[in-house]
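The next block holds one structure in the form of structure tokens; read it before the comments.
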Amino acid sequence: MAQPILEFASLGSGSKGNATLVRCGATILLVDCGFGVKETSKRLEKFGLTGHDLSAILVTHEHGDHTKGVGPVARKFKLPVYMTPGTHVSRDYGVLSELCLIKAYQPFSLGSIDVTPVAVPHDAREPAQYVFTCDGVKLGVLTDLGSVTPHVLEAYADCQGLLVEANHDLEMLAAGPYPPSLQARVSGPWGHLNNYQAAEFLRCVATNPLQHLVIGHLSEKNNCLSRVKLALYDVIENHHNVLFASQNDGFDFLSLHSTEN
Ligand SMILES: [Zn+2]
Ligand SMILES: [Zn+2]
380 MAQPILEFAS LGSGSKGNAT LVRCGATILL VDCGFGVKET SKRLEKFGLT GHDLSAILVT
440 HEHGDHTKGV GPVARKFKLP VYMTPGTHVS RDYGVLSELC LIKAYQPFSL GSIDVTPVAV
500 PHDAREPAQY VFTCDGVKLG VLTDLGSVTP HVLEAYADCQ GLLVEANHDL EMLAAGPYPP
560 SLQARVSGPW GHLNNYQAAE FLRCVATNPL QHLVIGHLSE KNNCLSRVKL ALYDVIENHH
620 NVLFASQNDG FDFLSLHSTE N
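The opening residue of the sequence shown carries number 380 in this note's numbering; numbering runs sequentially from there.
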């Protein structure tokens, strides 16, 4: 089989910490860093990587499960950090010696990877999720999304790889430990996608070239695999390679190939 063009993996996915790896040749991007230096290094080691192998950290928004390790890891391994101005002002990251402020509507390139930030409705200051392309291969990373907008459907159309959140089951959320105000926030239009919203997104977005689908950012308190699988039943049936990212182990590198000719 031909060499993969883009690869992606996760160091962990869920409300206790998120970090996703996107690799194209020598360019390795870390999308969010919800783990401290020690934990990030330990999790990178499983992939035969160290922080020195990373090219940059991209931040989606300021919530702690995405940013806990951003400052410390960037300082330890001297990495540039990319984020929107709103994400930057909303949290104290400490000194970032190479801070690159991006616009949530303007693509940019990092090594051989073209990065398209996508503005999303979520209860953060200026959140941006990301779509990555390299030689015609497209990977979408989409977590922390309160509702699906036409902009999101357009931006994530025709991906070869997709990481999408299915955060909570509505019944489990209602019966779970969260106070009513937090339940309303999580399930509201600026919160997170529930299992059925994730399924609906996957029915609506164009997925013809999809090679790997990963469902992630599952709430440990308000969701479980059996409920996700039930809600996504028809979606799972339609796609061969469906994975569920875990909080402890994330998932191993998945390879994406060109679907042209
Ligand atoms: Zn999150
Ligand atoms: Zn969030």
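Glycine is no exception: its CB is placed at the ideal position from the N, C-alpha and C atoms.
Reduced DSSP secondary structure (H/G/I, E/B, other) of residue i
i      : result
HIS591 : strand
HIS547 : strand
ASN456 : Going by the sequence as given, residue 456 is Phe instead of Asn. Of the three classes helix, strand and coil, the one that applies to PHE456 here is helix, per DSSP.
SER469 : coil
LYS421 : helix
TYR484 : coil
CYS479 : strand
ASN573 : strand
PHE580 : helix
TYR461 : strand
LEU611 : coil
LEU437 : strand
GLY391 : strand
LEU489 : strand
GLY567 : coil
Beta bridge counterpart(s) of residue i as assigned by DSSP
i      : result
GLN508 : VAL497
ARG402 : GLU386 and ILE407
PHE623 : ILE594
VAL520 : TYR509 and LEU542
LEU635 : LEU385
VAL450 : Looking at the sequence itself, residue 450 is Gly, so the reference to Val does not match. For GLY450, which the question treats as bridged, DSSP gives no partner whatsoever.
Beta-carbon spacing of residue i, residue j below 9 Å
i      : j      : result
ASN546 : HIS596 : yes
THR466 : ALA507 : yes
TYR472 : ALA503 : no
ALA536 : VAL497 : no
ALA614 : LEU581 : Looking at the sequence itself, residue 614 is Val, so the reference to Ala does not match. Yes, Cβ-Cβ distance for VAL614 and LEU581 is below 9 Å.
VAL416 : GLY430 : yes
PRO500 : CYS538 : no
THR439 : VAL520 : yes
GLU550 : THR522 : no
SER434 : LEU408 : yes
THR512 : LEU541 : no
GLU477 : GLY448 : no
LEU390 : THR399 : yes
TYR557 : ASN601 : yes
GLY570 : ARG422 : no
Rounded straight-line distance, which links the Cα of residue j to that of residue i
i      : j      : result
VAL527 : CYS479 : 28 Å
PHE632 : ALA388 : 4 Å
VAL531 : LEU524 : 10 Å
LEU611 : VAL621 : 10 Å
GLY450 : ILE436 : 10 Å
GLU424 : ASN627 : 14 Å
SER637 : ALA553 : 43 Å
GLU616 : LYS608 : 10 Å
ILE481 : GLU505 : 11 Å
LEU518 : GLY413 : 21 Å
Problem - the region 560-570 / the region 579-592 touching (three or more Cβ pairs under 8 Å) - result: no
Practice task
Tell me, please, whether the region 485-492 touches the region 402-409 by the rule of three or more beta-carbon pairs shorter than 8 Å.
Solution key: yes
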